[in-house]
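Data first, discussion second: the structure below is written as structure tokens.
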Amino acid sequence: RPERLVAEPGELAGYTNRVSGEVADIAYHGQDVSVHVHLPGQERPALVRASASVNDRVRYRPGMAVTCGWQADHGRILID
11 RPERLVAEPG ELAGYTNRVS GEVADIAYHG QDVSVHVHLP GQERPALVRA SASVNDRVRY
71 RPGMAVTCGW QADHGRILID
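Pasting the structure below:
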């Protein structure tokens, strides 16, 4: 779920799972920001939903290097 992911520049402490990526696109939805992140080996970008206050602090922009993180209990294995 996009709201369970976090994407921030630099190292991301406190998350069980982490992967580095690059911001591909940003879409503003009032109080939320959808951040599309290219991840290694993936055709489609991951979707991260952040609050406007997080965006004010992080200032997402295309091409920005970020680390995506999520807790183990928020992960699901899906078979394609």
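Note that this note's numbering has the sequence shown beginning at 11, numbered continuously upward. Glycine residues also receive a C-beta, built at the ideal position from the N, C-alpha and C atoms.
Going by C-alpha positions, residue 75 is about 16 Å away from residue 51.
DSSP places residue 42 within a strand segment (E or B) once states are collapsed to three. Taken through DSSP and simplified to helix, strand or coil, residue 13 comes out as helix. About 4 Å separates the beta carbon of residue 26 from that of residue 82, a gap short enough to meet the 8 Å contact definition.
For residue 90, the secondary structure class from DSSP, reduced to helix, strand or coil, is coil. Each of 29, 42 and 46 was checked against the Cα of residue 36, and the nearest Cα belongs to 46.
In this structure residue 62 is exposed. Its beta-carbon is surrounded by fewer than 16 other beta-carbon atoms within 10 angstroms.
Collapsing the DSSP output to three states places residue 62 in a helix.
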